[in-house]
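Chemist: One structure coming up, written as structure tokens, with questions to follow.
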């Protein structure tokens with residue numbers, strides 16, 4: 486296994502390993518998995534997966550279709566707070582709504598004034614993974630006193646959840662949307678970087694409408710993923726509603742794939758949920 490891993494690490498081509506020694510191969514399997522390489526118990530399974538990969542993989546890099554991706558040098562390791570995650574996305578050409586980070590309520594007031602529309606205010610702490618679950622999010626906030634009250638309520642909710650001190654508050658503009666998507670990347674220990682797109686918001690759990698593809702991917706593959714969604718009619722302008730800029734969404738998927746591939750496993754998981762359809766409509770503006 487050590488020799489096989491050494492060859493795989495030096496190879497520019499994807500390698501799949503077949504380990505058919507039953508229980509006697511457990512040590513080799515553990516070594517392969519720890520090194521980030523997939524393995525199979527039979528040649529038949531390996532060939533099926535290889536055929537599937539070949540059918541989905543395109544020479545996107547060679548064709549010059551991928552933008553440069555990367556992780557900013559000053560980005561911390563471990564769980565990223567939302568401000569750091571937004572910086573990562575923006576560094577890779579993926580737009581986000583206007584936002585500011587504030588260390589205290591008065592800073593949040595100034596941030597909300599600068600944004601000038603209805604805002605969302607969110608707790609910022611590396612100790613809080615799901616902000617909405619602990620009451621760490623306030624929506625449709627407008628006016629100085631409302632911002633201060635929202636910050637106070639968020640801090641109290643965090644203390645009840647065991648977080649005595651927040652890093653600060655994220656203040657973001659709000660967008661109106663009638664359909665949401667989820668975009669994301671995963672690093673699978675067996676198959677490497679994957680890109681995901683599906684129906685977002687509350688529909689993630691309800692519809693389970695998701696498409697996956699190995700990274701990196703081309704614009705053509707990204708468009709095929711969107712076209713395979715069960716909810717694709719909502720992107721096309723269902724019942725007179727304006728159509729989404731599908732090419733722009735596909736471009737985001739390509740950029741996510743570039744980021745996932747270039748991180749070489751350092752970036753384990755990232756979700757954009759929701760990606761608001763109104764945010765990618767030609768000529769649309771934020772607000773309510």
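Numbering (my numbering), first residue to last: 486 to 773. Just so you know, even glycine gets a beta-carbon here, dropped at the ideal spot from N, CA and C.
(1) Does the distance from the C-beta atom of residue 586 to that of residue 557 stay below 8 Å?
(2) Determine whether the beta carbon atoms of residue 609 and residue 655 lie at a separation below 8 Å.
(3) Report all residues from its chain with a CB closer than 7 Å to the CB of residue 581; omit the five preceding and five following residues, and keep chain order.
(4) Express the C-alpha separation of residue 660 and residue 629 in angstroms, rounding to a whole number.
(5) Assign residue 533 to one of two classes, buried (16 or more other C-beta atoms within 10 Å of its C-beta) or exposed (fewer than that).
(6) With a 10 Å radius around its C-beta and 16 neighbouring C-beta atoms as the bar for buried, classify residue 548 as buried or exposed.
(7) Tell me, please, which residues DSSP counts as bridged to residue 672.
(8) State the start and end residues of the unbroken alpha helix (DSSP H) segment that holds residue 624.
(9) Could you pull the start and end residues of the alpha helix (DSSP H) that residue 706 belongs to?
(10) Quick check: what's the CA-CA separation for residue 741 versus residue 670?
(11) Check for me: the alpha helix (DSSP H) holding residue 739 runs from which residue to which?
(12) Where does residue 590 sit, in a helix, a strand or coil, going by DSSP?
(13) What distance in whole Å lies between the Cβ atoms of residue 722 and residue 699, which are believed to be in contact at a cut-off of 8 Å?
(14) Please say whether residue 694 and residue 812 have beta carbons closer to each other than 8 Å?
(15) Going by CA-CA distance only, name the one from 616, 638, 626 and 579 that's closest to residue 434.
(16) Helix or strand or just coil, what does DSSP make of residue 568?
(17) Just to confirm, is the Cβ distance from residue 702 to residue 739 under 8 Å?
(18) Looking at the strands, I want to know which residues DSSP matches up with residue 754.
(19) Which value, in whole angstroms, describes the spacing of the CA atoms of residue 658 and residue 562?
(20) What separation, rounded to the nearest whole angstrom, lies between the Cα atoms of residue 514 and residue 668?
(21) Per DSSP, what are the beta-bridge partners of residue 658 in this structure?
(22) Hey, is the stretch 631–649 in contact with the stretch 605–623, meaning 3+ C-beta pairs nearer than 8 Å?
(23) Pick helix, strand or coil for residue 649, following the three-state DSSP scheme.
(24) In the DSSP output, which residue or residues are listed as bridge partners for residue 699?
(25) Checking 8 Å against the spacing of the C-beta atoms, do residue 666 and residue 684 come in under that value?
(26) If you check the beta carbons only, do residue 747 and residue 578 fall under 8 Å apart?
(27) Excluding five sequence neighbours on each side, which residues of the same chain lie with their C-beta closer than 8 Å to the C-beta of residue 760?
(28) Measuring straight from C-alpha to C-alpha, what distance separates residue 527 and residue 500?
Modeler: On the basis of the data shown:
(1) Taking 8 Å as the Cβ cut-off, residue 586 and residue 557 do not qualify as a contacting pair.
(2) In this structure, residue 609 lies near residue 655, with their beta-carbon atoms less than 8 Å apart.
(3) Residues of the same chain with a CB within less than 7 Å of the CB of residue 581, apart from the 5 flanking positions on each side, are 571, 574 and 575 in chain order.
(4) Distance between the alpha carbons of residue 629 and residue 660: 20 Å.
(5) Around the beta carbon of residue 533, fewer than 16 other beta carbons lie within 10 angstroms, which makes this residue exposed.
(6) Confidence in residue 548 is poor, its pLDDT being 40 and thus under 50, which makes the residue's placement unreliable; the coordinate value appears in the next sentence. It is exposed - the Cβ of residue 548 has fewer than 16 other Cβ atoms within 10 Å.
(7) DSSP output for residue 672 lists 678 as bridge partner(s).
(8) Segment 622–626 is the beta strand (DSSP E) holding residue 624; no alpha helix (DSSP H) there.
(9) Unbroken alpha helix (DSSP H) run through residue 706: 704–712.
(10) C-alpha separation (whole angstroms): 7 Å.
(11) That run of the alpha helix (DSSP H) goes 731–747.
(12) Per DSSP, reduced to three states, the secondary structure at residue 590 is helical.
(13) With a Cβ gap of about 30 Å, residue 699 and residue 722 do not count as contacting.
(14) Residue coverage of the chain in this structure runs from 486 to 773, which leaves residue 812 outside it and unanswerable.
(15) Any property of residue 434 remains undetermined from this structure, which presents the chain solely from 486 to 773.
(16) In the structure shown, residue 568 adopts helical secondary structure according to DSSP, grouped into three states.
(17) Their beta carbons are under 8 Å apart, which means residue 702 touches residue 739 by this criterion.
(18) 671, per the DSSP bridge assignment.
(19) One C-alpha to the other measures close to 27 Å.
(20) The straight-line gap separating the alpha-carbon atoms of residue 514 and residue 668 is approximately 32 Å.
(21) BP columns for residue 658 point to 604.
(22) Yes, since at least three Cβ pairs between the stretch 631–649 and the stretch 605–623 fall closer than 8 Å, the two stretches touch.
(23) When DSSP states are grouped into helix, strand and coil, residue 649 belongs to the coil group.
(24) Looking at the DSSP output, residue 699 bridges to 679.
(25) Yes, Cβ-Cβ distance for residue 666 and residue 684 is below 8 Å.
(26) With contacts defined by Cβ atoms closer than 8 Å, residue 747 and residue 578 do not form a contacting pair.
(27) The residues 665, 666, 667, 668, 685, 734 and 737, in chain order, have a CB closer than 8 Å to that of residue 760 in the same chain once the five nearest residues on each side in sequence are set aside.
(28) Their Cα atoms are separated by approximately 15 Å.
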